[in-house]
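From first to last, the protein sequence lines stand for chains B and P.
With my numbering applied, the first sequence covers 10 to 383.
With my numbering applied, the second sequence covers 10 to 383.
Where a beta carbon is used, it is the ideal one built from N, C-alpha and C, also for glycine.
In this text, all values refer to a predicted model and were calculated from it rather than measured experimentally.
Protein chains: 2
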Amino acid sequence: MDRNVLNPPHRLLMGPGPSNPDPRVTAALGLPMIGHLDPYFLEVMEATMDDLRRLFRTTNHHTIPMSGTGTSGLETIAVNLLEPGDEVIVGVIGYFGQRLAEICRRQGAVVREIEAPLGEVIDPDRIAKALDEKPATLVYLVHAETSTGAAQPLEDIGKIVRAHDALLAVDCVTSLGGMPLEVDGWLIDAAGSCSQKCIGAPPGSGPITVGPRAMAKVAARKTKPHSWYFDLQLLFKYWGEGGGGSRAFHHTAPVANIYAFREALRLIHAEGLEARWERHRAAHERFAAGLARLGLELFTPAAHRLPMLNVITIPDGVDDATVRKRLLNELNIEISGGFGPLAGKTWRVGLMGANAAAEPIDRLLAGLGEVLGT
Amino acid sequence: MDRNVLNPPHRLLMGPGPSNPDPRVTAALGLPMIGHLDPYFLEVMEATMDDLRRLFRTTNHHTIPMSGTGTSGLETIAVNLLEPGDEVIVGVIGYFGQRLAEICRRQGAVVREIEAPLGEVIDPDRIAKALDEKPATLVYLVHAETSTGAAQPLEDIGKIVRAHDALLAVDCVTSLGGMPLEVDGWLIDAAGSCSQKCIGAPPGSGPITVGPRAMAKVAARKTKPHSWYFDLQLLFKYWGEGGGGSRAFHHTAPVANIYAFREALRLIHAEGLEARWERHRAAHERFAAGLARLGLELFTPAAHRLPMLNVITIPDGVDDATVRKRLLNELNIEISGGFGPLAGKTWRVGLMGANAAAEPIDRLLAGLGEVLGT
Numbered sequence: 010m011d012r013n014v015l016n017p018p019h020r021l022l023m024g025p026g027p028s029n030p031d032p033r034v035t036a037a038l039g040l041p042m043i044g045h046l047d048p049y050f051l052e053v054m055e056a057t058m059d060d061l062r063r064l065f066r067t068t069n070h071h072t073i074p075m076s077g078t079g080t081s082g083l084e085t086i087a088v089n090l091l092e093p094g095d096e097v098i099v100g101v102i103g104y105f106g107q108r109l110a111e112i113c114r115r116q117g118a119v120v121r122e123i124e125a126p127l128g129e130v131i132d133p134d135r136i137a138k139a140l141d142e143k144p145a146t147l148v149y150l151v152h153a154e155t156s157t158g159a160a161q162p163l164e165d166i167g168k169i170v171r172a173h174d175a176l177l178a179v180d181c182v183t184s185l186g187g188m189p190l191e192v193d194g195w196l197i198d199a200a201g202s203c204s205q206k207c208i209g210a211p212p213g214s215g216p217i218t219v220g221p222r223a224m225a226k227v228a229a230r231k232t233k234p235h236s237w238y239f240d241l242q243l244l245f246k247y248w249g250e251g252g253g254g255s256r257a258f259h260h261t262a263p264v265a266n267i268y269a270f271r272e273a274l275r276l277i278h279a280e281g282l283e284a285r286w287e288r289h290r291a292a293h294e295r296f297a298a299g300l301a302r303l304g305l306e307l308f309t310p311a312a313h314r315l316p317m318l319n320v321i322t323i324p325d326g327v328d329d330a331t332v333r334k335r336l337l338n339e340l341n342i343e344i345s346g347g348f349g350p351l352a353g354k355t356w357r358v359g360l361m362g363a364n365a366a367a368e369p370i371d372r373l374l375a376g377l378g379e380v381l382g383t
Numbered sequence: 010m011d012r013n014v015l016n017p018p019h020r021l022l023m024g025p026g027p028s029n030p031d032p033r034v035t036a037a038l039g040l041p042m043i044g045h046l047d048p049y050f051l052e053v054m055e056a057t058m059d060d061l062r063r064l065f066r067t068t069n070h071h072t073i074p075m076s077g078t079g080t081s082g083l084e085t086i087a088v089n090l091l092e093p094g095d096e097v098i099v100g101v102i103g104y105f106g107q108r109l110a111e112i113c114r115r116q117g118a119v120v121r122e123i124e125a126p127l128g129e130v131i132d133p134d135r136i137a138k139a140l141d142e143k144p145a146t147l148v149y150l151v152h153a154e155t156s157t158g159a160a161q162p163l164e165d166i167g168k169i170v171r172a173h174d175a176l177l178a179v180d181c182v183t184s185l186g187g188m189p190l191e192v193d194g195w196l197i198d199a200a201g202s203c204s205q206k207c208i209g210a211p212p213g214s215g216p217i218t219v220g221p222r223a224m225a226k227v228a229a230r231k232t233k234p235h236s237w238y239f240d241l242q243l244l245f246k247y248w249g250e251g252g253g254g255s256r257a258f259h260h261t262a263p264v265a266n267i268y269a270f271r272e273a274l275r276l277i278h279a280e281g282l283e284a285r286w287e288r289h290r291a292a293h294e295r296f297a298a299g300l301a302r303l304g305l306e307l308f309t310p311a312a313h314r315l316p317m318l319n320v321i322t323i324p325d326g327v328d329d330a331t332v333r334k335r336l337l338n339e340l341n342i343e344i345s346g347g348f349g350p351l352a353g354k355t356w357r358v359g360l361m362g363a364n365a366a367a368e369p370i371d372r373l374l375a376g377l378g379e380v381l382g383t
């Protein structure tokens, strides 16, 4: 490229995120810059919190976009809910579960991992058993494992965790906005997602929600969190402890990102959250049917396939990198390779946000057919 | 506001940041979204690193915008350079020094603070003496203290710190791009800034540079950093360990923020860094002369006043909040109140990036004259 002039290509983003934002979301990035303590911006923050609560299906006051990417929100949950020596049970059904375990270990917590084979999910009974054997402060699970395409059922786990007086936290980076997630209904105490997948905003915001049981643990900490930037008690001096009131400086909020994030939330609720879930489900059906016509198979067992993240088994004799490069360079379509042990054996296709729709799916299917010669 | 439609006011941002971005920077936010591992984006990353090195005046390979605000970069330095039990000397000449000390304490480090009265700076001899009394791993100083308007001289400190086999880190959040800072020339081992002040990009990037002596300490750590998100060794598997090569996923980079940040860097180097420093200096002169005409005085002693952050003593009988509210609501001009012990007694005026220029300064001076009735 001419290094002096930015001129990015127009890609159809069918990988695991970012997805292509709606043009109205992109336009919001360019709205007039204002101060992070401007009275108008405080209203934007309040409206963002309200709409984010509706997206998480929660009444939790402590619901904000963190000033970082999705990973920063997941780390914020661990940083605040765990103290050195605390026991935590982490569900590991792929790379993103391993990452959660490592993030928890960095806080000095004692991590017990419950694993499932790639593509599979964890039976709630195993969590009950682990909590019976030894209490834990926290159970931290991945809802939608982006490396395997598996959806971890959560509906029944909250009751188990609460009966054992533990907290339940969830990584819903890939699921939020694209499939059912009920933070209050499923007794989830904390959840973290990202902005650039099913929400359809640019990367750079880490939406989290933290419920009253989790905030009670935060208030009862004997030690300060290892992070100042991610300290929830300090953050909510800026975001407000309910009902407006004074706002203390913590850090300078990423104003443009919050404009875009807020506009993406507006579009989600204008569509209707349940309609959006259904759109992602229908997109998956359309894509899966198209894959079958091409003779391609999904890696993840049908019983717990994610709608928005499709892991495809690469047929024998087909070279992973060649296909992805041709899609990108000849057709401007991005899909992603496999992760970890699935690298070279699978592709990962995202049907997220605006791209969970017939036109982008048909364009990708046509492209795959062309490149594979089928 | 109508909570469904974003319609922010057009403010002249003369507080301590964000400043108003150049329209070309704002436009860059809206360029086509691409993947964070797209070959084109990898080129953008390389170009951003190159231009950021020129801004920091360094050859340090490890020079990137962190995926968070300026505070995240300052925390990244502490997280990676400090292990539990390490001794660190922090220069405290105002609120932002106190904050650095707290960030270091969160890492389990033993913090020794060297303080100066508000408005004053630290004599390098005091740092030499503190290092003579007891060795330290790190000396962490604030270059431009945004709460008092004071510029900490740094030229002579690097030699002292290096002679004591310690590392020197600098918070240059407010100074970078607006006044001389020579990372290599002044023997600074690590520095962190922000995007939204003199660089003139939106908030949401935390530019840092980390030199080879500091990276050697990182490589020699006996413990892992308390943060996974801020772990430099993991981050540079994505940003690249020199000379391209493979890129491993760490987190999804904030693509739009990096577009804007990269465009802001381009504009800085097109202007010329030294010309930009001179522009900020001249802006301060113009503003100070205008203040004198209004009968207003600067709080900070002339010997070490920052050019881009002017702390004004509020005259007796003038109400802080009333003046700021009238400027904002009637004239759409943002200035900031004082911080901590200077709240109610001072205003803080930023002359940063595009706003270090005659037209915005004259508009603010006219507004101040109108509101104060002078």
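Test: residue i CB closer than 8 Å to a CB of chain B
i: P:V99; result: no
i: P:K420; result: Since the displayed chain P opens at 10 and closes at 383, residue 420 of chain P lies outside it and no answer follows.
i: P:D47; result: yes
i: P:A223; result: no
i: P:W248; result: no
i: P:N29; result: yes
i: P:M42; result: yes
i: P:K233; result: yes
i: P:R256; result: no
Option nearest residue i by Cα separation, candidates the options
i: B:A363; options: B:I136, B:A273, B:T72; result: B:A273
i: P:G106; options: P:L127, P:V332, P:Q242; result: P:L127
i: P:L163; options: P:L177, P:A172, P:T157, P:T155; result: P:L177
i: P:L282; options: P:L64, P:L51, P:L305; result: P:L64
i: P:T322; options: P:F348, P:L140, P:E339, P:G186; result: P:F348
i: P:F308; options: P:G353, P:G82, P:D141, P:K233; result: P:G353
i: P:I131; options: P:A145, P:A160, P:T146; result: P:A160
i: P:D325; options: P:L381, P:P216, P:H313; result: P:L381
i: B:S255; options: B:Y247, B:A262, B:T261; result: B:Y247
i: B:Y104; options: P:E124, P:E129, P:A257; result: P:A257
i: B:F175; options: B:I112, B:G194, B:T218, B:A137; result: The sequence as given places Ala at residue 175 of chain B; Phe does not occur at that position. Looking at the Cα atoms, B:A137 is the closest of the given residues.
i: P:E368; options: P:G299, P:T78, P:P310; result: P:G299
Contact set for residue i: own chain, Cβ-Cβ below 6 Å, skip 5 residues either direction
i: P:G220; result: N69, D198
i: B:C181; result: H152, L190, A200, S202
i: B:E122; result: V99, V101, A110
i: P:A269; result: V34, A37, L38, A210, P211
i: B:D165; result: P133
i: B:V392; result: Chain B is shown only over 10 to 383; residue 392 of chain B falls outside these bounds and no answer can be derived.
i: P:G82; result: M75, G201, G215, I217
Any chain P beta carbon closer than 8 Å to residue i
i: B:M10; result: Any reading at B:M10 needs caution, since the residue's pLDDT is 46, under 50, leaving its predicted position unreliable; the model's value is listed next. So, interface residue.
i: B:T80; result: yes
i: B:N364; result: no
i: B:A37; result: yes
i: B:P74; result: no
i: B:W237; result: yes
i: B:H260; result: yes
Neighbourhood of residue i by C-beta distance below 8 Å, restricted to the same chain and skipping five residues each side
i: B:I342; result: R20, L21, M23, L336, R372, L373, G376
i: P:V119; result: G94, D95, E96, V97
i: B:L351; result: L127, S156, T157, F308, V320
i: P:M317; result: A153, T183, S184, G187, M188, K206, C207, H289, A292, H293, G359, L360, M361, A365
i: P:G346; result: D329, A330, R333, A352, G353, T355, W356, R357
i: P:V53; result: I267, Y268, R271
i: P:R114; result: V120
Same chain, Cβ closer than 7 Å to residue i, five either side skipped, listed in chain order
i: B:A262; result: H45, S76
7 Å Cβ cut-off: residues of chain A touching residue i
i: P:Q242; result: As a matter of chain content, chain A is missing from the structure shown, whose protein chains are B and P.
Worksheet entry | Residues of the region 181-207 of chain P whose Cβ lies closer than 8 Å to any Cβ of chain B, in chain order | Listed by position, the residues of the region 181-207 of chain P near chain B (Cβ gap below 8 Å) are C203, Q205.
Item to complete: May I ask you to list, following chain order, the residues of the region 130-162 of chain B that have a beta carbon less than 9 Å from some beta carbon of chain P?
Response: Hits within the stretch: zero.
Worksheet item: Is the region 353-368 of chain B touching the region 11-30 of chain B, taking contact as three or more C-beta pairs under 8 Å?
Response: The region 353-368 of chain B is in contact with the region 11-30 of chain B.
Discussion item. Tell me which residues of the region 329-362 of chain P have at least one Cβ-Cβ distance to chain B shorter than 7 Å, keeping chain order.
Written reply: Residues E343.
Practice prompt. May I ask you to verify whether the region 295-306 of chain B touches the region 233-242 of chain B, counting CB pairs closer than 8 Å and requiring at least 3?
Written response: Taking 8 Å as the limit for Cβ pairs, the verdict is that the region 233-242 of chain B does not touch the region 295-306 of chain B.
Worksheet item: Any residues in the region 288-318 of chain B with a beta carbon nearer than 8 Å to a beta carbon of chain P? Which ones, in chain order?
Response: Cβ contacts with chain P come from no residue of the region 288-318 of chain B.
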